[in-house]
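Chains as they are written, first to last, in this note's numbering: chain A, 1 to 336; chain B, 337 to 672; chain C, 673 to 890; chain D, 891 to 1108. Okay, structure first, notes after.
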Ligand SMILES: Nc1ncnc2c1ncn2[C@@H]1O[C@H](COP(=O)(O)OP(=O)(O)O)[C@@H](O)[C@H]1O
Ligand SMILES: Nc1ncnc2c1ncn2[C@@H]1O[C@H](COP(=O)(O)OP(=O)(O)O)[C@@H](O)[C@H]1O
Ligand SMILES: [Mg+2]
Ligand SMILES: [Mg+2]
Ligand SMILES: [Mg+2]
Ligand SMILES: [Mg+2]
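Here's what the structure looks like:
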């Protein structure tokens, strides 16, 4: 599989350099920490700082979610590898406004360990850190083992809710509680048509037959929970929606926010086709849709595939979702 | 090549349906014209109407550029096929605020003929129509045959300039002149690593060897002007930048706006890597960058590849570029 | 004497639509080489829609001109693209040539080929040698004029026209495109058949066969 | 009596780094099956960076504990991921085991294996049977303890540990993952080797060979 690359081992640093140049007014470097960035309009005195991060390969995740109303700093790992504690600490210091710092990241053993160490280091410097680990991927463990699940595209909504709470100058415990609530009400599932390819070898992370698709994939080229025969767009949507509705158990009249997300190579035309069916199904269940994000929000290199996330809204989450934000990957002025 | 599709012949209508649902607050249907959409915050009395359009397969083009500060209505064709006159006429009527309507579209024989007919029909109904045909693809004909060139991703900038001019209530002739100027100062070139695949056959539109890339491709899966051996990201960028600078001939201190655009399957990580080199080259030439769009703005189904557009700014174009806009694919609050 | 009726028009379009459906993937392949691979969909979709519209309106008392005008607007709205306006113009001219009657003598059919070729040239400003469908339609029209002048039988004239179109289409392989999408490829367009010329030759072949079949019918 | 010096540490890490580079694509493949295909990059990158750091600091008067602490932090910062913290903990424990001296008797080396296994288990809370690198490190530590109790020669103990690690790694094929990325696959993880256990066995094999080579050296 062909890619626009120089030396594979330089890809992450070059991506960060390119991102700083592309988003000059929004992103800034952190001195001494080449793998951490801060929002230009980020930390301010009295505001809880929001630090996000994880491996590379999810662009525009994570740096795309830095900015006013979203996160204040990011730590950036190698491709599909959690960042080490040092950049996380640097991001934490950059995000600190004296009111404590909230760490949010997906539930992967590497991220948990590295953020844990960084939080200890920050605490030793007198910064209060609270941590929210996202677990929105409903395919990655049964509902009774929710804490074991992966955190995937639902991150985008959890970041948004937390970023809005921070921007409203709410206290650390409240920001963390809101992020936790958003995570608990966030349900994501993905389907891949083709795995992405490694930067080093150019080879796909696993093999799929020409008539196969992989259900319940994560965002690191991991396999999913089952392989199935390629279906129509409507049937693929149904596979996802059935499981999401099963867990979410919305009441008639409930409202959700949707993220119809390309995992990399799937173009937007197909996302719109899936969205059509998604809405038919939700309408049939009496579920309203408050806002839809559709596009490339949280990718897995050049994987061909899609994930659908539904955030089950309540009034407070809705207000935070509608709060303005201004980041490379998400800019909005207010109500949808 | 696998895709999320139902019946291929339904793909465009289903895409439009999905888009209307995803962008409820921004897009609205036009009664009696299923292949035309209008902006919710579009036409208003005394404002010049902006109508854009073309074939499908370029999502988020074209409907992604409807909204306040951008276009007022769009006509949507089949995949890679110009829309017929009827939806163009419907879009024109929907965009009309009594001050005339501006048609902007890429230079393809089908688009020219169908828009021409629609303009005649609109004129017969007493609507003044001016037309600007975009020709930004510098690979598609020599500089002395500029009028023969294709209109590709530079459309996004031309739409933006024209949309801002319309939103500022400038008269039709002025809006058209500004769009013309933007087009004349817009330079795009594309490189493909893999062609996109037809919705009907699932087959690529042409074949590329595993070590080949195609230089100077358009946005309809057309071949380019030359085939070359796959190179590094930096060398690929140079191939494009050399030609753009050659034509643009910027003076030291000149400023540009950039669009680093995925043609479909190329993920954003690679766009950032290309952007890094692009900026190195521009810096070396003393060219400043006022604003960068980077992502999936104007695609060619699931083609793996990239296009780079540079809009050579002047003060007036800069001000119009910075004008706020609010559309599915481009939302900004003001200065970058 | 044999006639060509509004009902025959429906039948003819059914044949043309079937032929375009059969050629769809071949035309897509040709258009992939030097264009955007959609010419098969455009021709099959356009003639298919026109045939259905004619069928639905059959028995509604339409004249031939009205039928062809319906076919033109249906094809145009189903297809858009380059093909839509060009064949819409062609069919409108054909309707003018056949006029406000619901049936005409069979020997008016060669005039349809001439009218269509004129419509296409007028709408697209194309000339022979541009490597477009004009390279099939123009020799076909030439053959039709010659056949009429020589007083040949209609079906025979249409067959000559089809032959001429096929030769014209094959000659596009050596040409460098000067119009349409392929023109952007410059010299790289040489060595490939023009899809529009190939589909035109197929339409004319189908028309000739249809006319021959009518001749044999009781 | 033979010793293990700070300079030997540099030499050992050069060997480990070379071995991980040689295994990189195999480990990537294994990790592709049940993980995210980056374990090869992580191990080769991490040990490569640690080896370079040790080489650069060589001759600077570091103790073994300081050297291993440098290796730990370098590996951690080069890699992050799961491997980074686990091997950083392992190397810090190894440093504590060897202490603030710049050379120790050679027979202290088996203790390093035990210390590393403890560091990994403490950091990752993993247990044998989870289908992780613990399934290689834990039997290796067990073998090292047994060898020490039996009073075997250091190089021989390290070889036994390497054998135990290899068997442990091979046993992961039959296991269902309970920790790490592969745990999300549930039963689908059965039938595949755990990449972390395989790389651990390779590290231990490399350590044993390095020690054997030292034994043979004059
Ligand atoms: N100006 C023109 N006059 C006549 N025929 C043309 C002209 N431009 C293009 N064509 C024909 O149109 C064909 C392509 O049709 P089609 O693929 O349906 O449209 P598009 O090029 O818009 O995708 C070409 O092969 C050529 O024969
Ligand atoms: N909690 C844990 N304790 C010990 N080893 C673990 C643990 N979690 C994962 N591993 C090991 O880590 C290996 C994967 O490492 P690597 O691919 O570098 O990290 P990641 O899974 O973050 O991509 C697994 O094969 C497994 O052996
Ligand atoms: Mg990883
Ligand atoms: Mg076309
Ligand atoms: Mg075509
Ligand atoms: Mg891994």
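Every residue, glycine too, gets a C-beta built ideally from N, C-alpha and C.
Closer than 7 Å: residue i CB and nearest ligand 3 heavy atom
i: residue 930 of chain D; result: no
i: residue 552 of chain B; result: no
i: residue 196 of chain A; result: no
Range covered by the beta strand (DSSP E) that runs through residue i
i: residue 290 of chain A; result: 288 to 295
i: residue 74 of chain A; result: 73 to 79
i: residue 894 of chain D; result: 893 to 895
i: residue 51 of chain A; result: 49 to 56
i: residue 262 of chain A; result: 255 to 262
Near ligand 4: residue i beta-carbon under 7 Å from a heavy atom
i: residue 447 of chain B; result: no
i: residue 394 of chain B; result: no
i: residue 753 of chain C; result: yes
i: residue 487 of chain B; result: no
i: residue 391 of chain B; result: yes
Residue i - containing alpha helix (DSSP H), residue span
i: residue 510 of chain B; result: 508 to 520
i: residue 1037 of chain D; result: 1024 to 1040
i: residue 741 of chain C; result: 736 to 751
i: residue 12 of chain A; result: 11 to 22
i: residue 373 of chain B; result: Where residue 373 of chain B is concerned, there is no enclosing alpha helix (DSSP H), although the beta strand (DSSP E) it sits in stretches over 369 to 375.
i: residue 88 of chain A; result: 85 to 95
i: residue 611 of chain B; result: 604 to 620
i: residue 783 of chain C; result: 781 to 796
i: residue 105 of chain A; result: It is not in any alpha helix (DSSP H) - residue 105 of chain A instead sits in the beta strand (DSSP E) that spans 101 to 106.
i: residue 975 of chain D; result: 973 to 988
beta-carbon residue i near ligand 5 non-hydrogen atom, thresh 7 Å
i: residue 703 of chain C; result: yes
Residue i CB to nearest heavy atom of ligand 2 below 7 Å
i: residue 80 of chain A; result: yes
i: residue 108 of chain A; result: yes
i: residue 925 of chain D; result: yes
i: residue 137 of chain A; result: no
i: residue 582 of chain B; result: no
i: residue 85 of chain A; result: no
i: residue 1022 of chain D; result: yes
i: residue 1085 of chain D; result: yes
i: residue 575 of chain B; result: no
i: residue 1010 of chain D; result: yes
Residue i beta carbon near ligand 1 (any heavy atom closer than 7 Å)
i: residue 797 of chain C; result: yes
i: residue 850 of chain C; result: no
i: residue 747 of chain C; result: no
i: residue 862 of chain C; result: no
Supposed contact pair residue j and residue i - C-beta distance, whole angstroms, cut 8 Å
i: residue 301 of chain A; j: residue 603 of chain B; result: 6 Å
i: residue 968 of chain D; j: residue 987 of chain D; result: The Cβ separation is near 23 Å, so there is no contact.
i: residue 1058 of chain D; j: residue 1085 of chain D; result: With 8 Å as the limit, residue 1058 of chain D and residue 1085 of chain D do not qualify as a contact, their Cβ atoms being about 14 Å apart.
i: residue 38 of chain A; j: residue 95 of chain A; result: 7 Å
i: residue 342 of chain B; j: residue 350 of chain B; result: 6 Å
i: residue 218 of chain A; j: residue 132 of chain A; result: At roughly 19 Å, the Cβ-Cβ gap does not stay under 8 Å, so residue 218 of chain A and residue 132 of chain A are not in contact.
Closer than 7 Å: residue i CB and nearest ligand 6 heavy atom
i: residue 1071 of chain D; result: yes
Check: Just by C-beta distance, which residues in the region 437 to 456 of chain B are closer than 7 Å to chain C?
Finding: Closer than 7 Å at the C-beta level to chain C, one finds these residues of the region 437 to 456 of chain B: 444, 445, 446, 449, 450 and 453.
Notebook entry, point to check: Which residues, in chain order, does the region 617 to 633 of chain B contribute to contact with chain A at a C-beta distance below 8 Å?
Noted result: Residues passing the 8 Å Cβ filter: 625, 628, 630, 631 and 632.
Note to self: Tell me which residues of the region 686 to 709 of chain C have at least one Cβ-Cβ distance to chain B shorter than 9 Å, keeping chain order.
What the structure shows: Cβ contacts with chain B come from 696, 697, 700, 701, 703, 704, 705, 706, 707, 708 and 709.
Check: At a Cβ cut of 7 Å, what residues of the region 340 to 352 of chain B count as close to chain A, listed as they run along the chain?
Finding: Within the region 340 to 352 of chain B, the qualifying residues are 340, 341, 342, 347, 350 and 351.
Check: If contact means a Cβ-Cβ distance below 7 Å, which residues of the region 747 to 768 of chain C contact chain B?
Finding: Answer set for the region 747 to 768 of chain C: 748, 749, 751, 752, 753, 754, 756 and 757.
Next item on the list: Check each residue of the region 633 to 646 of chain B: if its Cβ is closer than 7 Å to any Cβ of chain A, include it; give the result in chain order.
Entry: Per Cβ criterion, the list reads 635, 637, 638, 640 and 642.
Next item on the list: Scan the region 1074 to 1106 of chain D for residues whose Cβ lies nearer than 8 Å to a Cβ of chain A and list them as they occur along the chain.
Entry: Within the region 1074 to 1106 of chain D, 1074, 1075, 1076 and 1078 place their CB atoms closer than 8 Å to a CB of chain A, listed in sequence order.
Next item on the list: Output, in sequence order along the chain, the residues in the region 159 to 186 of chain A whose CB is closer than 9 Å to any CB in chain B.
Entry: Answer in chain order: no residues at all.
Margin query: Any C-beta of chain D within less than 7 Å: which residues of the region 192 to 204 of chain A qualify?
Written below: Here the close residues are 198, 200 and 201.
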